[in-house]
Structures are given as C-alpha cells and as structure tokens.
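Residue numbers are given in this note's numbering: position 54 of the sequence shown equals residue 72, and the series is strictly consecutive. Every residue, glycine too, gets a C-beta built ideally from N, C-alpha and C. Nothing here was measured: the structure is a model prediction, and the numbers come from that model.
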Amino acid sequence: PMPRQAGKADPGTAHLRERMLPLGETLSRMPLSPCLGRMLIMGVLFQCVDTAALLAAVLSSARKPFVCPPGKRKESLAYQRGFDPSSDLLACYAAAEAFETRLKNGGEGMDSPDHFAASRFLVPQRLR
Numbered sequence: 019p020m021p022r023q024a025g026k027a028d029p030g031t032a033h034l035r036e037r038m039l040p041l042g043e044t045l046s047r048m049p050l051s052p053c054l055g056r057m058l059i060m061g062v063l064f065q066c067v068d069t070a071a072l073l074a075a076v077l078s079s080a081r082k083p084f085v086c087p088p089g090k091r092k093e094s095l096a097y098q099r100g101f102d103p104s105s106d107l108l109a110c111y112a113a114a115e116a117f118e119t120r121l122k123n124g125g126e127g128m129d130s131p132d133h134f135a136a137s138r139f140l141v142p143q144r145l146r
C-alpha cells in the first residue's frame, strides 16, 4: 500500500465529520469534571438528585470534614468508622448526610447541627 500524504483525506471518508453528542455538549457546559456531571445527570434520570449532588460534593471537596486533634487520633478515627467502617469516602458521605438532616430539622442546643459536628470531630464549615 502507498503511504498517505499529509493533508489528504481518504476519498471514502470525506463526508464524515466529528460532532459532539448531546450528552457531551451538556457536560461541556457544566463547571465540573465530566464524571461528576454525568453522575448528576444520572441522578436526575433515576430521581435521586439529592443523593447524587451530595456525593458529587463529597467527591469534589478538597478537604474532608473530619479533623484529628492532637492526642485524639483513636477517638477521631472511631467516630469516622462509626459513620462507615469500610470506606473513608462513604464515611464522609454519611456524615454529610447526617449533618444535612440536622440542618433541615433545625435543632437547638444539644440537637444543633454545630454541636452534632463538634462532638463527632467534624468541621461544620466543611459540611455546609
């Protein structure tokens, strides 16, 4: 076979053009990674937008909501494992979900979201 010359297209493919699919166009307009954008779209399709949005927030967060004060490492890890013993990511998700529930219920005093967070080695500002 003869080598292809630069700049010349194959005669049989002259009519083919690259174009973006509707999903790709939608994802390109979203200010987040395509994987997270697709997860949000799938959340809409499967009617679980709240869960998808919270999981996307946990995944894209630069800092995790758990803190480990000096001298309290074991206690902090115990609270984190209490949310989910199998995965740090799922523990963060469960903690954020529990905090969000407290925010919606609007508890006061010992039931307040900030007290809930502080007593479980969570940073409320990272969960809002």
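Notebook entry, point to check: Touch check for the stretch 81 to 98 and the stretch 58 to 67: three-plus C-beta pairs under 8 Å?
Noted result: no
Note to self: Taking contact to mean 3 or more Cβ pairs, one atom from each stretch, closer than 8 Å, check whether the stretch 64 to 80 and the stretch 112 to 125 are in contact.
What the structure shows: yes
Note to self: On the criterion of 16 or more Cβ atoms from any shown chain inside 10 Å, does phenylalanine 64 qualify as buried, or is it exposed?
What the structure shows: exposed
Check: From phenylalanine 139 to leucine 50, what does the alpha carbon distance come to, in whole angstroms?
Finding: 29 Å
Checklist line | Delimiting residues of the alpha helix (DSSP H) encompassing phenylalanine 117 | finding: 106 to 123
Next item on the list: Please confirm whether phenylalanine 134 and arginine 120 have their CB atoms less than 7 Å apart.
Entry: yes
Notebook entry, point to check: Of the choices Asn123, Ala109, Lys122, whose alpha-carbon is the least far from that of leucine 77?
Noted result: Ala109
Note to self: In the DSSP assignment, the alpha helix (DSSP H) including glycine 89 goes from what residue to what residue?
What the structure shows: Per DSSP, glycine 89 belongs to no alpha helix (DSSP H) and is neither H nor E.
Check: What residue range is occupied by the uninterrupted alpha helix (DSSP H) comprising valine 62?
Finding: 52 to 63
Note to self: Please classify glutamine 98 as buried or exposed, where buried requires at least 16 other C-beta atoms within 10 Å of its C-beta.
What the structure shows: buried
Check: Thinking C-beta only, is proline 52 closer than 7 Å to leucine 41?
Finding: no
Next item on the list: Report the three-state DSSP secondary structure of phenylalanine 139 (helix, strand or coil).
Entry: coil
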